[in-house]
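Data first, discussion second: the structure below is written as structure tokens.
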Amino acid sequence: MTLPAFLGIDVGGTSIKTRLVDVDGRTCGEWRSPTPRGDTSAERTATIIRGMFETAQRVRPVTAVGLVVPGIVDEDTGICIRAVNLDWQDVPVRDVVQAQLDVPLAFGHDVRAGALAESLTGASAGTSGTIVFIPIGTGLASALIIDGVPMSSRGWAGEIGQLVLSTGPHSGRRIEEIASAGGIARRAGARTALAVAELVRQGDARAVLVWNDAVEVLADAMAWITSIVAPDVFVLGGGLTEAGALLIDPLEHELLARLPLSRHPVIVRAVHGDGAAMLGATYLARRTVGVGDPS
Numbered sequence: 626m627t628l629p630a631f632l633g634i635d636v637g638g639t640s641i642k643t644r645l646v647d648v649d650g651r652t653c654g655e656w657r658s659p660t661p662r663g664d665t666s667a668e669r670t671a672t673i674i675r676g677m678f679e680t681a682q683r684v685r686p687v688t689a690v691g692l693v694v695p696g697i698v699d700e701d702t703g704i705c706i707r708a709v710n711l712d713w714q715d716v717p718v719r720d721v722v723q724a725q726l727d728v729p730l731a732f733g734h735d736v737r738a739g740a741l742a743e744s745l746t747g748a749s750a751g752t753s754g755t756i757v758f759i760p761i762g763t764g765l766a767s768a769l770i771i772d773g774v775p776m777s778s779r780g781w782a783g784e785i786g787q788l789v790l791s792t793g794p795h796s797g798r799r800i801e802e803i804a805s806a807g808g809i810a811r812r813a814g815a816r817t818a819l820a821v822a823e824l825v826r827q828g829d830a831r832a833v834l835v836w837n838d839a840v841e842v843l844a845d846a847m848a849w850i851t852s853i854v855a856p857d858v859f860v861l862g863g864g865l866t867e868a869g870a871l872l873i874d875p876l877e878h879e880l881l882a883r884l885p886l887s888r889h890p891v892i893v894r895a896v897h898g899d900g901a902a903m904l905g906a907t908y909l910a911r912r913t914v915g916v917g918d919p920s
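So the number in my numbering is just where the residue sits in the sequence shown, counting from 1, plus 625.
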């Protein structure tokens with residue numbers, strides 16, 4: 626008897642990443658391909674996915690596929706409402722890709738899939754209750770997991786990066802312009818946010834100002850989330866978390882200062898790195914055919 630195998634696919638702005646896992650969650654293979662651009666990119670993406678699926682099939686027969694994409698994603702309808710970095714709007718991604726496959730396809734959002742991976746086998750594994758995952762990358766988003774179930778609200782839940790600040794020195798700007806890794810780098814005139822972190826350690830005045838602004842705005846967003854859903858854990862992902870205590874310590878301080886009467890959530894770093902969404906996609910694939918989550 627052939628045991629089940631699951632293919633997780635993460636379509637990003639620059640690359641399509643794929644991981645094949647067995648029923649125990651062990652990796653059987655990984656592949657990567659550039660993400661196509663242009664008017665027919667969704668159809669060409671589906672063709673590339675078909676090729677990756679066929680490659681994976683030669684390693685182990687694939688039972689189901691999980692596909693996750695960025696942007697505003699409605700899992701119920703299978704539509705990507707808007708993905709700026711892919712130039713997609715109202716694209717029926719699930720149907721386009723399913724037409725290329727002859728196994729069941731689960732469709733989801735990259736950040737929510739990453740949150741699922743961290744909640745099952747990552748930084749917040751074993752934590753019951755409410756988990757908020759915030760990957761700090763080129764942009765800024767979040768995902769909410771309640772009792773093991775990702776919350777979607779037809780694709781609009783968790784898009785904290787798009788909130789416009791209405792008061793203070795950054796009034797009129799979106800949160801991700803100030804608090805994302807991309808925003809930090811741009812405002813400091815550096816190549817990367819980690820380069821800004823190094824300048825902060827050296828005492829560079831401009832870098833310190835930009836860094837502190839980012840921490841304060843991110844703490845504001847996390848406090849708003851806490852006041853509404855009272856998470857047990859915040860899981861921070863993305864390359865910016867490599868700054869370690871330089872980010873986490875002041876963020877904890879600023880968050881607690883904003884929550885005098887609220888339960889104080891724990892802040893931890895994600896462990897699955899840039900493979901979190903891809904891994905989460907394999908869990909979606911398992912669930913779509915009734916196979917339990919890996920232990």
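We put the beta carbon where it would ideally sit given N, CA and C, even for glycine.
As the structure is a prediction and not an experimental result, all values here were calculated from the model.
How would you call residue i, buried or exposed, if buried means at least 16 neighbouring beta carbons within 10 angstroms?
i             : result
glutamate 801 : buried
glycine 793   : exposed
aspartate 874 : exposed
valine 698    : buried
valine 684    : exposed
arginine 911  : buried
arginine 719  : buried
Kindly indicate the opening and closing residues of the beta strand (DSSP E) around residue i.
i             : result
histidine 734 : 730-734
proline 760   : 755-760
glycine 862   : 858-862
glycine 654   : 652-659
arginine 911  : Taken as a continuous stretch (DSSP letters only), arginine 911 belongs to no beta strand (DSSP E), being part of the alpha helix (DSSP H) at 901-913.
Out of the options, which one is the CA nearest neighbour of residue i?
i              : options                           : result
aspartate 918  : Val648, Val636 and Thr643         : Val648
glycine 703    : Gly733, Ile674, Arg911 and Ala671 : Gly733
aspartate 701  : Ile634, Gly754, Ser778 and Asp735 : Ser778
leucine 726    : Arg707, Gly691 and Ala742         : Gly691
isoleucine 673 : Thr866, Ala832, Glu841 and Ile641 : Ile641
valine 736     : Met903, Arg911 and Gln682         : Met903
leucine 730    : Arg816, Val693, Leu834 and Thr866 : Val693
arginine 811   : Val825, Val835, Pro629 and Thr755 : Val835
aspartate 899  : Val916, Ser791, Gly754 and Ala738 : Ala738
If you drop the 5 nearest sequence neighbours on each side, which residues of the same chain put their C-beta closer than 7 Å to that of residue i?
i             : result
histidine 889 : Leu881
threonine 680 : Trp656
alanine 868   : Leu819 and Ala822
arginine 831  : Ala813
Measure the beta-carbon distance from residue i to residue j and round it to whole angstroms, keeping in mind my assumption that it falls under 8 Å.
i              : j              : result
alanine 839    : isoleucine 892 : Not really, about 15 Å apart at Cβ, beyond 8 Å.
isoleucine 853 : valine 757     : Their Cβ separation, rounded to whole angstroms, is 10 Å, which puts isoleucine 853 and valine 757 out of contact at 8 Å.
alanine 806    : glycine 783    : No, alanine 806 and glycine 783 are not in contact; Cβ-Cβ is about 18 Å, not under 8 Å.
glycine 863    : proline 760    : 4 Å
valine 716     : cysteine 705   : 5 Å
leucine 876    : leucine 843    : 6 Å
alanine 689    : valine 728     : 6 Å
arginine 644   : glycine 633    : 5 Å
Output the boundary residues of the alpha helix (DSSP H) element that contains residue i.
i             : result
glutamate 679 : 666-684
serine 852    : 830-854
aspartate 720 : 718-723
alanine 708   : Alanine 708 -> not in any alpha helix (DSSP H); beta strand (DSSP E) instead, spanning 704-708.
glycine 808   : 806-813
leucine 824   : 818-826
Within the same chain, show all residues whose beta-carbon is closer than 8 Å to that of residue i, passing over the 5 residues directly before and after it, in chain order.
i             : result
glutamine 787 : Arg799, Ile800 and Glu801
valine 896    : Glu743, Gly747 and Ala748
threonine 752 : Ser744, Asp857 and Val858
glutamate 841 : Glu879
Starting from the C-beta of residue i, find all residues in its chain whose C-beta is less than 6 Å away, skip the five residues before and the five after it, and write them out in chain order.
i           : result
glycine 764 : Gly786, Glu801 and Ser805
glycine 762 : Ala806 and Gly863
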